[in-house]
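Undergrad:
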Amino acid sequence: MSCCVSLTVKPDPPENVVARPVPSNPRRLEVTWQTPSTWPDPESFPLKFFLRYRPLILDQWQHVELSDGTAHTITDAYAGKEYIIQVAAKDNEIGTWSDWSVAAHATPWTEEPRHLTTEAQAPETTTSTTSSLAPPPTTKICDPGELGSGGGPSAPFVIGVPITLALAAAATANSLLI
Numbered sequence: 001m002s003c004c005v006s007l008t009v010k011p012d013p014p015e016n017v018v019a020r021p022v023p024s025n026p027r028r029l030e031v032t033w034q035t036p037s038t039w040p041d042p043e044s045f046p047l048k049f050f051l052r053y054r055p056l057i058l059d060q061w062q063h064v065e066l067s068d069g070t071a072h073t074i075t076d077a078y079a080g081k082e083y084i085i086q087v088a089a090k091d092n093e094i095g096t097w098s099d100w101s102v103a104a105h106a107t108p109w110t111e112e113p114r115h116l117t118t119e120a121q122a123p124e125t126t127t128s129t130t131s132s133l134a135p136p137p138t139t140k141i142c143d144p145g146e147l148g149s150g151g152g153p154s155a156p157f158v159i160g161v162p163i164t165l166a167l168a169a170a171a172t173a174n175s176l177l178i
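Just so we're aligned: 56 in full-length UniProt numbering is position 56 of the sequence shown, and the numbers increase by one with no gaps anywhere.
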């Protein structure tokens, strides 16, 4: 009578799956992981890995089988779209694939928008000033028939209230454009 021993080898999923954007590369994600800590001897019993990834906006997975190593660079990512990435492991010789790892999420690198300024913009400040050209306003601002405040139709309307330097600079810049 002969007897056979059947051995089913199924490793635990890879651990510590991390995905990071690659600076200045909007279509790349660098993925790293570790061999399961329960795997007895990765040097003597190497594992191969199966990586799957997809942008959250799609349902279809992309797959990559890797015969060695614990890192892979995704080179066909959609710029600016968040991805979900998982890895499975299998003994190189026998057995079945592990369950999928805990999912990692990452978004490929995107260039941060540069802050644009124009000459009309002035830095913000909390300093205030009071005009000494006119007394503080009273309840009477202007009579219905007047265009200005007491100086006739061509006189500017002046109110002595605190204003910020930023508003004063913006008003000056706007008057230069006229």
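Ideal Cβ placement from N, Cα and C applies to all residues, glycine included.
Run the CB neighbour count on residue 180, radius 10 Å, all protein chains shown included, and call it buried at 16 or more, exposed below.
TA: Here the chain comprises residues numbered 1 to 178, so residue 180 is not present and cannot be evaluated.
Undergrad: Taking the alpha carbon of GLU65 as the point to measure from, which residue in PHE45, VAL9 and TRP97 has its own alpha carbon closest?
TA: Taking the sequence shown and counting its residues from 1, one reaches residue 65 at position 65. Selected option, being the one with the closest Cα: TRP97.
Undergrad: Compute the distance between the beta-carbons of THR32 and PRO42, then report whether it is under 8 Å.
TA: Mapped onto the sequence shown, residue 32 falls at position 32. Mapped onto the sequence shown, residue 42 falls at position 42. Going by C-beta atoms, THR32 is not nearer than 8 Å to PRO42.
Undergrad: Buried or exposed: ALA71, going by 16 or more other Cβ atoms within 10 Å of its Cβ?
TA: Here residue 71 is taken as the residue at index 71 of the sequence shown, counted from 1. Exposed, because fewer than 16 other Cβ atoms sit within 10 Å of the Cβ of ALA71.
Undergrad: Which of the three DSSP states is assigned to LYS81 in this structure?
TA: To locate residue 81, count along the sequence shown from 1; it is residue 81. Three-state result, LYS81: coil.
Undergrad: Measure the CB-CB distance between ARG20 and ILE74 and report whether it falls below 8 Å.
TA: Here the question's residue 20 lines up with position 20 in the sequence shown. Here the question's residue 74 lines up with position 74 in the sequence shown. For ARG20 and ILE74, no; Cβs fall outside 8 Å.
Undergrad: Considering only their Cβ atoms, is the gap separating ILE84 from HIS63 smaller than 8 Å?
TA: Counting from 1 along the sequence shown, the entry for residue 63 is found at position 63. Counting from 1 along the sequence shown, the entry for residue 84 is found at position 84. Not closer than 8 Å, so no.
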